[in-house]
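Enquirer:
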Amino acid sequence: MNLDLIAQIGLSIFGIAAIFLVGRKNKWGFVMGVLAQPFWLTTSYINQQWGVFFVSIIYTISWIYGIHEWFFKNKKKTKR
20 MNLDLIAQIG LSIFGIAAIF LVGRKNKWGF VMGVLAQPFW LTTSYINQQW
70 GVFFVSIIYT ISWIYGIHEW FFKNKKKTKR
């Protein structure tokens with residue numbers, strides 16, 4: 020099994036799980052989204068899809084922001 024095929028499988032599994040969970044307002048969707056990003060970055064790099072590579076970096080930042088908001092920021096608000 021080559022690296023590109025592994026990346027395609029990984030991005031499919033984690034990407035679909037991320038969208039499904041976020042759609043259900045489940046904070047773990049953001050974690051799945053972050054886990055999908057290495058696969059997106061790998062496959063876009065292998066196939067020299069530089070636009071997708073750049074967008075994947077932005078998505079990574081967005082998923083991390085979601086993790087911050089859902090896992091850490093909400094805890095700060097409830098401690099008051």
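Heads up: the sequence shown begins at 20 in my numbering, then just goes up one per residue. Just so it is clear, CB atoms sit at the ideal spot from N, CA and C, and this is done for glycine as well.
1) With residue 58 as the anchor, note down where its alpha helix (DSSP H) starts and where it stops.
2) Do the segment 78-85 and the segment 50-57 make contact, defined as three or more Cβ pairs closer than 8 Å?
3) For residue 64 versus residue 58, is the C-beta spacing smaller than 8 Å?
4) Roughly how many whole angstroms lie between the Cα atoms of residue 47 and residue 32?
5) Within its chain, find whatever has a CB closer than 7 Å to the CB of residue 37; leave out the 5 residues flanking it on each side and keep chain order.
Expert: In brief:
1) 47-65
2) yes
3) no
4) 14 Å
5) The residues are 48, 51, 52 and 55.
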